[in-house]
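These notes concern the structure reproduced below.
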Amino acid sequence: MKITRIEAFQVAWSPNDKPQQHSAFVLVHTDDGLTGIGEASPMQGGRASLGMIRDDIVPMLIGRDPLDHAVLLDQALHTLVKLGPEGALTSALAALDIALWDLKGKLTGLPIYKLIGGAWKTALPFYASIGGNGERTVDQVCAVVEQRLKDKPAAVKIRFDNNRTQLDADIPGDIAKAKAVRKLVGDGFPLAFDANNCYSIGGAIRVGRALEELGYWWFEEPVQHYHIKAMGEVAQRLSITVSAGEQTYTLAGLADLIGAGVRMVQPDIVKMGGITGLLRCAAVAHAHGVELVPHQTQPMIGHTASLHVMASLLQNTKPAEWNDPSTRTHVVFENPPLPVQGLFHLSDAPGLGLRLNLAELAKRRVG
């Protein structure tokens, strides 16, 4: 089997979407008539990653055996490493890696979790990841949490998505929202708080102390992600679990976070080298005795790929992330993944198990 063609393109879900709201898809075709599907990080619509794929990586892959995908993509990484080994490059490789694992599954007739080594469970709980709470009032935050509880999540994470250039902008208001959500769900329900990098060290300590008293499970990215020592300092000074890693793109970067004192890491499959990359992250986390709780906000391809990895991990300690739900992406999939009674169910279908509606996808392609 040889790779004959690779398509890398944006998908516009609505005519009114801004370019940065587009998804970044990859289709890898072979001479056997099989097609693997992958997805890159959607930052700025994934344009930088898609450009790298089309202009630099595709010529390296045409005519090659897709079963050699780890070798092929490591060759591509080291060929292009001087562009910067993080961000757009590793996201491009992630999209291709997911597509090549999908192809491997379709060739063998096996789901990806079987190829990885088997699943501990194929019905996975999720936590509702609720964004945009920085701009909401306390009552509005409670209203959206109450709505998401109808999906029967195993936990809830409130995200603030604030402007990163305005640190500590409304600490009393943030704490008030955290208190209101705790009161809404009750004392025993698992909660998490994602600061989205919007506190100073002092501000993070102040908020973290409040979260400890409220019984929150984890405190995500309280300070700027690139201040690794600061992230580690906050982690070591608080008893609540401090997590980070969704903006970490290399194994060395992940090791630096762990070395600084972070004890829960959250790499993202569409940023950190795909399925191969996330499995390597799992090995690093396991070797250091820290929790691996993958970040993932892409509702279809990225989400499903992440579930396959999570299903295979013995040290899977937390539910899978499910972002603010939207039906607008469903139309290009014949079987969009949705939870049933609080669980996502992986099928035994080959590869990712997703079936594209190519006619609907064609209508939404950009470029």
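What the sequence shown shows, in the working numbering, is residues 729 to 1095, in sequence order. Ideal Cβ placement from N, Cα and C applies to all residues, glycine included. Computed from a prediction, not measured in an experiment: that's the story for all the values here.
Since I believe Thr818 is in contact with Tyr977 (beta carbons under 8 Å), could you give me their beta-carbon distance rounded to a whole number of angstroms?
As a first step, residue 977 must be located in the sequence shown, where it is residue number 249. As a first step, residue 818 must be located in the sequence shown, where it is residue number 90. Yes, Tyr977 and Thr818 are in contact; Cβ-Cβ is about 4 Å, under 8 Å.
Going by the CB atoms, is the gap between Val962 and Ala932 shorter than 8 Å?
As a first step, residue 932 is located in the sequence shown; it is residue number 204 there, counting from the start. As a first step, residue 962 is located in the sequence shown; it is residue number 234 there, counting from the start. Cβ distance < 8 Å, so Ala932 and Val962 count as in contact.
Tell me where the alpha helix (DSSP H) around Trp946 begins and ends.
The residue you call residue 946 lines up with position 218 of the sequence shown. That residue, Trp946, is in no alpha helix (DSSP H); its beta strand (DSSP E) goes 946-948.
If we ignore side chains and look at the alpha-carbon of each, how far apart do Ala923 and Phe947 end up?
As a working note, residue 923 is residue 195 in the sequence shown. As a working note, residue 947 is residue 219 in the sequence shown. Answer to the nearest angstrom: the Cα atoms are 7 Å apart.
Three Cβ pairs or more, each shorter than 8 Å: is that satisfied between the segment 1055-1065 and the segment 1020-1037?
yes
Which residue's Cα is closest to the Cα of Gln749: Ala871, Ala740, Leu755, Val756?
Within the sequence shown, residue 749 is the residue found at index 21, counting from 1. Nearest C-alpha to Gln749: Ala740.
Beta-carbon separation of Pro839 and Gly1079 under 8 Å?
Walking along the sequence shown from the start, residue 839 turns up at place 111. Walking along the sequence shown from the start, residue 1079 turns up at place 351. Contact: yes.
May I have the straight-line CA-CA distance separating Asp783 from Pro1022, to the nearest angstrom?
Numbered from its first residue, the sequence shown carries residue 783 at position 55. Numbered from its first residue, the sequence shown carries residue 1022 at position 294. Taking the straight line joining both Cα atoms gives about 30 Å.
Below 8 Å on the Cβ atoms is my guess for Gly859 versus Asp889; work out the distance and round it to an integer in Å.
To locate residue 859, count along the sequence shown from 1; it is residue 131. To locate residue 889, count along the sequence shown from 1; it is residue 161. Gly859 to Asp889, Cβ: 5 Å. Contact.
So for Thr976, helix, strand or coil by DSSP?
The count along the sequence shown starts at 1 and reaches residue 976 at position 248. The answer is coil: DSSP assigns Thr976 none of H, G, I, E or B.
May I ask you to list the residues that DSSP assigns as paired with Leu755?
What you label residue 755 is simply residue 27 of the sequence shown in a count that begins at 1. Glu735, Ile765, per the DSSP bridge assignment.
Check each candidate in Lys832, Gly1005, His955 and name the one with the smallest Cα separation from Val990.
For the purposes of this step, residue 990 is taken as residue 262 along the sequence shown, with counting starting at 1. Nearest of Lys832, Gly1005, His955 to Val990, Cα basis: His955.
What is the residue span of the alpha helix (DSSP H) that Arg1092 lies within?
Position 364 of the sequence shown, counted from the first residue, corresponds to residue 1092. First-last of the alpha helix (DSSP H) with Arg1092: 1086-1092.
For Ile899 and Arg934, I'd like the C-alpha separation in whole angstroms.
The residue given as residue 899 occupies position 171 in the sequence shown. The residue given as residue 934 occupies position 206 in the sequence shown. When rounded, the separation of the alpha-carbon atoms in Ile899 and Arg934 is 8 Å.
Roughly how many angstroms lie between the CA atoms of Asn925 and Gly774, to the nearest whole one?
Position 197 of the sequence shown, counted from the start, is the residue given in the question as residue 925. Position 46 of the sequence shown, counted from the start, is the residue given in the question as residue 774. Near 21 Å, if we compare the C-alpha coordinates of Gly774 and Asn925.
Less than 8 Å between the C-beta atoms of Lys880 and Ala920, yes or no?
Position 152 of the sequence shown holds residue 880. Position 192 of the sequence shown holds residue 920. Contact: no.
So, helix, strand or coil for Trp829, using DSSP?
In the sequence shown, counting from the first residue as 1, residue 829 sits at position 101. Helix at Trp829.
Assign Gln875 to buried or exposed, taking buried as 16 or more other Cβ atoms, counted over all protein chains shown, within 10 Å of its Cβ.
For the purposes of this step, residue 875 is taken as the residue at position 147 of the sequence shown. Gln875 comes out exposed.
Below 8 Å between beta carbons: does that hold for Ile785 and Ala804?
Taking the sequence shown and counting its residues from 1, the one referred to as residue 785 is at position 57. Taking the sequence shown and counting its residues from 1, the one referred to as residue 804 is at position 76. Closer than 8 Å, so yes.
Using a Cβ-Cβ cut-off of 8 Å (strictly less than) and excluding sequence neighbours within five positions of Ile997, which residues of its own chain qualify?
On the sequence shown, residue 997 is found 269 positions in, with the first residue counted as 1. Correct list, in chain order: Ala822, Ile826, Ile1003, Gly1005, Leu1006, Pro1022, Gln1024, Gly1030, Ala1033, Ser1034, Val1037.
For Leu789, report the span of its beta strand (DSSP E) as first-last.
Within the sequence shown, the letter at position 61 stands for residue 789. Annotation: Leu789 is outside any beta strand (DSSP E); the continuous alpha helix (DSSP H) that includes it extends over 786-789.
Suppose contacts are defined by Cβ-Cβ distances below 8 Å. Is Arg965 in contact with Phe737 by that definition?
Sequence index remark: in the sequence shown, residue 965 carries index 237 (1-based). Sequence index remark: in the sequence shown, residue 737 carries index 9 (1-based). Result no, Cβ atoms of Arg965 and Phe737 do not sit closer than 8 Å.
Could you check where the beta strand (DSSP E) with Val884 kicks off and where it finishes?
In the sequence shown, the residue the question calls residue 884 occupies position 156. First-last of the beta strand (DSSP E) with Val884: 883-887.
Quick one: using the 10 Å Cβ neighbour count with 16 as the cut-off for buried, is Ile790 buried or exposed?
Position 62 of the sequence shown, counting from 1, holds the residue named residue 790. Classification of Ile790: exposed, given that the 10 Å Cβ count is below 16.
So, are the CB atoms of Ala820 and Met780 less than 8 Å apart?
Residue mapping note: residue 820 aligns to position 92 of the sequence shown, counting from 1. Residue mapping note: residue 780 aligns to position 52 of the sequence shown, counting from 1. Result yes, Cβ atoms of Ala820 and Met780 sit closer than 8 Å.
Tell me which residues share the same chain as Gly837 and place their Cβ nearer than 7 Å to its Cβ, disregarding the 5 neighbours each side in the sequence.
The count along the sequence shown starts at 1 and reaches residue 837 at position 109. Contacts found: Pro1078.
Measuring alpha carbon to alpha carbon, tell me which of Thr850, Gly833, His1014 ends up nearest Pro704.
With the chain covering only 729 through 1095, there is no way to say anything about residue 704.
DSSP state of Pro839, grouped into three classes?
Here residue 839 refers to the residue found at position 111 when the sequence shown is read from its first residue. Three-state DSSP puts Pro839 in a strand.
Can you tell me whether Val1059 is helix, strand or coil according to DSSP?
The count along the sequence shown starts at 1 and reaches residue 1059 at position 331. Residue state, collapsed to three classes: helix.
What distance in whole Å lies between the Cβ atoms of Lys832 and Arg792, which are believed to be in contact at a cut-off of 8 Å?
The residue you call residue 792 lines up with position 64 of the sequence shown. The residue you call residue 832 lines up with position 104 of the sequence shown. No, Arg792 and Lys832 are not in contact; Cβ-Cβ is about 14 Å, not under 8 Å.
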